[in-house]
Structures are given as structure tokens and as C-alpha cells.
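Asker: In our numbering, the protein residues as written are 11 to 801.
(1) Can you tell me the Cα-Cα spacing of residue 716 and residue 695, whole angstroms?
(2) Less than 8 angstroms separating the beta-carbons of residue 241 and residue 452?
(3) What residue range does the alpha helix (DSSP H) around residue 352 cover?
(4) Leaving out five residues on either side along the sequence, give the residues of the same chain with a beta carbon under 7 angstroms from the beta carbon of residue 572.
(5) Going by DSSP, what residues sit across from residue 164 in a beta bridge?
(6) Report the residue ranges of all beta strand (DSSP E) runs contained in full by the stretch 683–754; include only those spanning at least 3 residues, in chain order.
(7) When the Cα atoms are used, what is the spatial distance from residue 69 to residue 727?
(8) Rounding to the nearest angstrom, what Cα-Cα distance links residue 307 and residue 341 in this structure?
(9) When you compare only the Cα positions, how much space is there between residue 349 and residue 212?
(10) Indicate the three-state DSSP secondary structure (helix, strand or coil) for residue 681 in the structure shown.
(11) For residue 177, collect the residues of the same chain with a Cβ closer than 7 angstroms to its Cβ; drop the 5 residues on either side in sequence, then sort them by chain order.
(12) May I have the straight-line CA-CA distance separating residue 10 from residue 755, to the nearest angstrom?
(13) Give the list of continuous alpha helix (DSSP H) stretches no shorter than 4 residues that lie fully inside the stretch 420–484.
(14) So, is residue 172 buried or exposed, given that buried needs 16 or more other C-beta atoms within 10 angstroms?
(15) Could you please give the first and the last residue of the uninterrupted alpha helix (DSSP H) stretch that includes residue 514?
(16) Taking 8 angstroms as the threshold (C-beta atoms), are residue 284 and residue 752 in contact?
(17) Report, in whole angstroms, the separation of the C-beta atoms of residue 708 and residue 329, which I expect to be a contact under 8 angstroms.
(18) Measuring only the C-alpha atoms, how far is residue 467 from residue 254?
(19) Rounded to whole angstroms, what is the Cα-Cα separation between residue 546 and residue 471?
(20) Starting from the N-terminal side, write out each stretch of the alpha helix (DSSP H) that is 4 residues or longer and does not extend beyond the stretch 282–347.
(21) Please report the distance separating the alpha-carbon of residue 718 from that of residue 249.
(22) By Cβ distance below 6 angstroms, which residues in the same chain neighbour residue 745 in space, the five residues on each side in sequence not counted?
(23) Using 10 angstroms around the beta-carbon of residue 585, count the other beta-carbons present and answer buried if the total reaches 16, otherwise exposed.
(24) Would you kindly report the start and end of the unbroken alpha helix (DSSP H) that includes residue 580?
(25) Shortest alpha-carbon distance to residue 322 belongs to which of 367, 767, 706 and 740?
(26) Roughly how many angstroms lie between the CA atoms of residue 522 and residue 659, to the nearest whole one?
(27) Can you say whether residue 597 is buried or exposed, counting buried as having 16 or more other CB atoms within 10 angstroms of its CB?
(28) Using a 10 Å radius around the Cβ and a threshold of 16 neighbouring Cβ atoms, would you call residue 662 buried or exposed?
(29) Does the distance between the C-beta of residue 197 and the nearest non-hydrogen atom of the ligand GTP fall short of 7 angstroms?
(30) Are residue 552 and residue 643 touching if we call contact CB-CB under 8 angstroms?
(31) Quick test of your reading: residue 278 and residue 257, contact by CB under 8 angstroms. State the CB separation rounded to the nearest angstrom.
(32) Taking the C-alpha atoms as reference points, what is the distance between residue 702 and residue 422?
(33) Beta-carbon separation of residue 133 and residue 555 under 8 angstroms?
(34) Can you name the residues that DSSP bridges to residue 836?
(35) Which residue marks the beginning of the alpha helix (DSSP H) containing residue 802, and which one marks its end?
(36) Rounded to the nearest angstrom, how far is the Cβ of residue 99 from that of residue 619, given a contact under 8 angstroms?
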């Protein structure tokens, strides 16, 4: 798969193919070019006109780009990827007003509302999250309303003439509003540090500390995103599949074409029908009949059979099954209509081999003393089989070895243990896989600029001035300095050198993880490795551990979220400098909002974060975060993963992850048209990273739906797939999001949950051994399991 730089082909067709040699989303035959379906030969002028031509493929012919060839195509006219062609317009209007009062007004309103509400409800269980998809839907009627009511008079300010209402509310304004909402929808990870310090360590530090911590953690990632644009945004092979749902929805909502369309359903009508159906249906599995969500009928038949519940259970079992009637369950790991099917197969293979074959074998052989715990559980246990009480081994915020010897070692469930092993393998396989497959691509992109890209979207973006790198670098240096002030002025026990190490972890992994996510829609997480490293570097410092983990883990995660938004702006032809300003301002405003909301909650909500808080503000995320700080920053990995310790064998996954990509790479080179090129080792290791709390049903149903749409329909009826697939994904996600909000605010939140329904269809899952979390071996009172001595 490696081609010497001097052997690059000169023709445009061959040059495009060369740039995608290492891309499993792009198939090349012996003639080098196999890129376009027959019916799309010749230029198309827009998303709208392209949709009118795809009726030629509705007869069921195999017109997928993997099988149709056309050698006389102008590759500069459109993307070489059918996914992108189906969802992104290949034209642009640079005169369209974007930096408007309407955009900033609505964008800042959504920023404040979404950041504040999500922070408020993140500390409650059950909770609700208002996503950017909801903002995308609401912003259009809001923008149209402002278009009608705002005056059109022109105003001159400091020599600049502008208007409150420059004309019709347009698609680029809509994109910027959605981007601002998306920037803040995920919340600020650092607020969990602040809450955990108050709850676990009685550290009520000032508002200045809280603001500096949140701002520095949010902004460092954004600066890295800008620096990596040439690797992760500009190349056409960096598809970022999740953004295609947004682009398809934008184009659908703003298009005025095709209400007749030769008797076929227009995209707008299709979206409306699917959206209403999705929202209405979700009231069944989401409220009226929740057993339809975790449809483990085998466990209902044999509620006390421990083996059946361990294998088929949803809550504390392996979830062996494929049936669920809840789209939220199917899309728990992302929409299956977006992720490439070959990537979904990688994930499913890992599920079957690791969790459905290896996990039961190890469990029933009592490896890691696992039979004394549920087979799948996200918590930690002591040797009595109870939840591990980490506060019993902490004195004044510091780990106490004597208390640890008097209490218990830490044990975790079988799936939780295997998830750590997979995380270890993901870290090394990501580096090796990226070096083997993409080292020449990275080197080429390092020397290139936007002008060197042959992709039509990059060519169209040349109409706008690019953001200078020094803008991002300057912002990064400011955030870096604020981070130093935070850890030095307050007694965080995190030295500056450790702060630098945490940032280096994110920097090293940013491009490799970003390339994998851009191609496969799967992200390799750094939370485990940051916990492991800081646990060895700074043992007994839980607060330092939390801050280190946040800078090491969330910096990369935030950077990739920003990169994804930059790719969305790239697809929608939004001026890059306006994208920069909107993201920075939204992030900065949200920092003040989330800190203020959390401070208000601690002052005004009695017993906030207590286990039995009357309004269910029990802070589940904060409690998990705080417990992790006690376990990793207090007890530390040395007492868990060192040679001679119980989970030491899992560390060999580092070696396995480093070795496994090598033979697969050479097999793919030897047999370039075989299935070996579709085996992605980092995706295999990281794809099931949500287990636990996810179970097998979240992945098996995900792959089953992916097979139907991303494989069967795409190959049998490519025209229908290219026309409706991403619109259907957006409609299903939007319907569930809106229904979830309605259920929460109308039926769950009022009267302290008194409106919740209790009947067989809602309670049966909790009556099984799976729902009760019954282990295979239950201890008698006062008995212990595991090691007799430990230190």
C-alpha cells in the first residue's frame, strides 16, 4: 500500500486514486479507478439537482460506487465518496451573508440555554441531554421568525454597514448556530472535578479557580484542533461520517425543490414522516412499556436462572441477542446508518470473540474471582461482594496503606476487566496501525496546503481566507498559561511537569485517533491510559489525578469534537474565520454558564449529590468521577496491574495491540483486493469500549440495522440509499431526542417522579436475576472471597 513519493501518477484520475490507496472507504481495481456510479457520470450542479438524477438507480441495479466504473469522470466536480455525494452540496454561494445579527443572537441564546440546562440536568438521575440536533431543528423556525419580524434598515457602526435582517435566513447562518450549540452540548468535563472536590475532599475553592480550570481545559483542545486541520479536515478521505447526518439535514431543511419530484416522496416529506413516527413510537419503549427497550424475553421466562441471566441479561449480563424496539438502544454507540459497514463488522467481531466467547469461559472458570460478582457491571467491589467504599482507604484526601490492608483489595466484573485489556491494546495498536498505513499520508499532508487538495469542497473553500495557524497557537498558549496558574496558585498537588505530560499524551494521539475516527466513526479513548500513567507518576494524589486525567483525556476529545465541527463547516462552505470566532465565543460563554449554574445548585439545592436527594439530584457522573479519583489516584494501578497483582495479565494486551496490526498490514499489501484491508485493529480494540455499561444488545442490534442499510440497501438500491439514508438517521435521532425531552419534563420530572408508570411491562426487567445484579456465587453473611492477604 505504500507508494514512493516520486512514483505519484500524473493524471488526475490516478492522482486521486493514489491519495486514497490506504482508505478502506475507497475501492481501487486493477485499472486504478473505481469511484463513481454510472448514473452520476458528468457534473451535477447541487445537492438538489443531484437528487433528481438518482432516480435512475431506483430500479435495484447494483450501482454502488464499489462496483460501477466510469473512467471519464471529472474528479474535481464532486467527492470520490458516495457517502459525501449523497449528503453534501458540491456548489457554493460566497455572497451569502453569514456574519449576521440573527446568527449571533440565536447562537448565543442556544449556547446559554443548552450549556445551562445540560449542566443542571447532568447532576440528576434519570437525566436528559439537549443535543445540537434539537438546536438544529429549532433554529430554523426561529431564524425564519426573525427574518419576518426584524427591520431591514441598514446601520453603520465604526464605518461598517450592517443590517439586522439582511434577507432570507440561510443555510450558513443555520450551520453556525448549530455549531455553537454543538460546541457546548457535551458540557464541561472539568465541572466534575469541582463537584468531586466539594463532595469527596471538602475543598470549596474560589470561583476564580473554577473558571480558570474550566476555561483552560476547554480551550487547549480547540487550539490543537486548528493546528491539525491539514491532517484531519482538508483531505477528502477524512469523511467524518457523523457530520453527514447534519449536512443532509441542513440541505433537506433549506431545499425548496422536488415537492412533486416525479411522484416520489421528497426528502422534506420523508424527514417529517420519519421524525413524527420516531417521536411517537419512543413513548412506548421510553415510558409506557420500557421492557420493549431491554427486550430480554429469555430472562423473563427464567428469571432465577443465573446462567441464562448472565448470558442474555441486559443490565448485568452479556446481552446475547439482537432484538430491541428502542432506537436509543440501537444508536447507543452512534447511528448505524452512518458508520461504514466494514467498521461495524470489526466491532461486532470483537463483541463475539471477546465478550460472547472469552468472557463466559473466563467467568465460569472463576478467573479474577469473577463468579462472586455479576458478569457485567461498571462498579468496583470489595471482598464481601459489596460496592467498594473508597473513602475507607483515604485519610485527608491521601491514600492510607494501613486502612487498605484492613479493608479489602479492589475487584471488578469480568467485562469491566476485559474492557481495560481492550483499552490497553487500543493504545498501542493505534500508534502502530497509523504508522504502517498512514505515515506517507501524514508526511504528504504536512507539506501540503489547502491549494494542493483536489477535492471539490477544498477547492470551493479557497474563496475564503483561511484562519492563520498563529491564531490557534496564540489561543493555545493563553489556555496553557491559565492551566499553569490554576495548578500552581491552588494546592492541586499537580506539578507543572506532570501537566506537560498530560498535554503531550493528547498531542501524540490526536492525529492517529482523529484519522481513525474520521474514517470509521469510532474514537479511541484516552481515559484509561491517563488514569494509569498518573496513578504511577503521582500515587496517593486523587485531586491531581482528576486534573491530569482531564487535561490528558478531554483535551484530545474536545479537539476532535472541534475538528468534526470544522469539517462540518468545510462541507457547508462556512467562512473559516467566522467558524473560529463562533466556536471560541460559544466555548468561552459556556464556561461562565456551567460554572455559574453548578455554583447556584450547590447553594440552593439541599443535599445536592447525596444518594437519597429528594429530587433525584444524586450527581451520578460526579460520583463515578470521584470514585475513579479515589481508586486510581488513591489506591493506584500498582496495586492492581503490577506483576503479581490480580489484573496483571491484562497488561499483555499492550503487546498484543502492538503486534497484531503488523501481519494484517502485510497481508493487505500482498492481497490488496481481499478482506484484509478492512480489518482495523484499533477499531476492534476500541469499538466495544462502552461495555460496560453497554451490553451486547447495543452492538448486535446496531450491526443488524447497519447491515440492512449500509450493506444490503446500499448495494441493492443505491439510489434510495443515497437519497434517504442520512435523512432517515437524522429523523430517527431527532425524534428520540425530542420525545426524551417531552417525557422527562412532562412525565418524569414533575411531582418527584410520581407520574411514572409501574406495571409488569415496566417492572419485569428488575424482577430477574439480571436486574437484581445477582452473582453466580453468593457469599454467606460475613464470608469473603479473593486473596487472604494483600498489600
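Ideal placement from N, C-alpha and C gives every residue a C-beta, glycine not left out.
Answerer: Based on what the coordinates show:
(1) 19 angstroms
(2) yes
(3) 351–360
(4) 231, 232, 235 and 593
(5) Beta-bridge pairing links residue 164 to 173.
(6) none
(7) Residue placement at residue 69 cannot be trusted, given a pLDDT of 39 that sits under 50; the coordinates are not used to answer.
(8) Answer to the nearest angstrom: the Cα atoms are 21 angstroms apart.
(9) Rounded to whole angstroms, residue 349 to residue 212 spans 44 angstroms at the Cα level.
(10) coil
(11) Taking C-beta separations shorter than 7 angstroms and ignoring five residues to either side along the sequence, the partners of residue 177 in its chain run 107, following chain order.
(12) There is simply no residue 10 to check, as the chain begins at 11 and stops at 801 in what is shown.
(13) At a cut-off of 4 residues, the continuous stretches assigned as alpha helix (DSSP H) that sit fully inside the stretch 420–484 are 424–457 and 466–471.
(14) Counting Cβ neighbours within 10 Å, residue 172 comes out exposed, since fewer than 16 surround it.
(15) 506–530
(16) no
(17) Separation of the CB atoms of residue 708 and residue 329 is rounded to 7 angstroms, and the pair is thereby assigned contact status at 8 angstroms.
(18) Residue 467 and residue 254: Cα-Cα distance of roughly 14 angstroms.
(19) 46 angstroms
(20) Listed in chain order, the complete alpha helix (DSSP H) runs (minimum 4 residues) inside the stretch 282–347 are 307–311, 316–322 and 337–340.
(21) 21 angstroms
(22) If we look at residue 745 and ignore the five residues flanking it on each side, its Cβ neighbours are 285, 288 and 289.
(23) buried
(24) Residue 580 -> alpha helix (DSSP H) spans 565–582.
(25) 706
(26) Residue 522 and residue 659 have their C-alpha atoms spaced approximately 26 angstroms apart.
(27) buried
(28) When all chains shown are included, residue 662 counts as exposed.
(29) Inclusion of the ligand GTP in the displayed structure is not the case, the ligand content being empty and no account of it being possible.
(30) yes
(31) At roughly 15 angstroms, the Cβ-Cβ gap does not stay under 8 angstroms, so residue 278 and residue 257 are not in contact.
(32) 11 angstroms
(33) Not a contact, by the Cβ cut-off of 8 angstroms.
(34) Because the chain is modelled from 11 through 801, residue 836 falls outside the range shown and cannot be assessed.
(35) Coverage of the chain is limited to positions 11 through 801, which leaves residue 802 absent and any answer about it impossible.
(36) Their Cβ separation, rounded to whole angstroms, is 47 angstroms, which puts residue 99 and residue 619 out of contact at 8 angstroms.
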